[in-house]
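Taking it in order: structure first as structure tokens, then the write-up.
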Amino acid sequence: MIAVYTRVSREEQAVDGLSLDVQLHRCTSLANAQGHDDVTVFSDAGISGKSLSARLAVTELLAKVRAGEVTKVIVYALSRLTRSVADLQTLVKLFNRHNVALCSVTESIDTGTPMGRAMCSMIGVFSELEREVICERVTGALDFRRETGRIYGAVPFGFRRGPDNTLERD
């Protein structure tokens, strides 16, 4: 079986966006170009890529890999599969143990070669870095809002939203 895995991080992207459709189209196009007409799609919509544990579709995919049912996994980008270097290395080792090739559409990676495995690891480092930088930016913005008295979450009971997103007592 040729498996296609797609993922988006935010629920809004899953409901209103085109990203899942674009990922699916590009991955199935690559599979078709390689002579594979029948693919099985695994998709996690609205779930972060920082961990493998909370994603039902990736869990199902990995079970099929362990059962020997998968020969190739195609992803749009490695960051769609995981944003953790440790998880990526674990996945590549698992795939290698079960003779499963990992292919990325945008990065032109095939882990069936030593160069492909090396490039896969390097791209994984940058995916994890990107996740950490995003987290740092969001934390900094929330800290700034808190320090300047602006609302950074739900309005607490007994308050209302004032001008410039400040809290005012009811």
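Residue numbers 1 to 170, in my numbering, belong to the letters of the sequence shown in order.
Don't be surprised by glycine CBs; every beta carbon is placed ideally from N, CA and C.
All of these numbers come straight from a predicted model, not from anything done at the bench.
- By the beta-carbon neighbour count (other beta carbons within 10 angstroms, threshold 16), I109 is buried.
- E69: not part of any beta strand (DSSP E); DSSP gives it neither H nor E.
- The three-state secondary structure of S127, taken from DSSP, is helix.
- With contact defined as three or more Cβ pairs closer than 8 Å, the region 72–90 and the region 125–136 are in contact.
- Distance between K50 and P163, taken at the CA atoms: about 36 Å.
- Burial check for K72: the Cβ neighbour count within 10 Å reaches 16 or more, so the residue is buried.
- DSSP places T166 within a strand segment (E or B) once states are collapsed to three.
- Contact between T113 and L102 does not hold, since the beta-carbon distance rounds to 11 Å and is not under 8 Å.
- Pairing Y5 with L24, the inter-Cα distance amounts to about 8 Å.
- Under the rule that a run must span 4 or more residues, the alpha helix (DSSP H) segments found entirely inside the region 28–97 read 56–66, 78–81 and 85–97.
- DSSP places I2 in the strand class (E or B) of the three-state scheme.
- One thing to note: F157 has its Cβ no nearer than 8 Å to the Cβ of R169.
- By the Cβ neighbour-count rule, D21 is exposed, with fewer than 16 other Cβ atoms within 10 Å of its own.
- Distance from R137 to I151 at the Cβ level is roughly 19 Å; contact not present, criterion being Cβ atoms closer than 8 Å.
- Cβ-Cβ separation between V70 and V100: approximately 5 Å, consistent with a contact (criterion under 8 Å).
- For the pair G35 and L61, the Cα-to-Cα distance works out to about 21 Å.
- Less than 8 Å divides the Cβ of L94 from the Cβ of V65.
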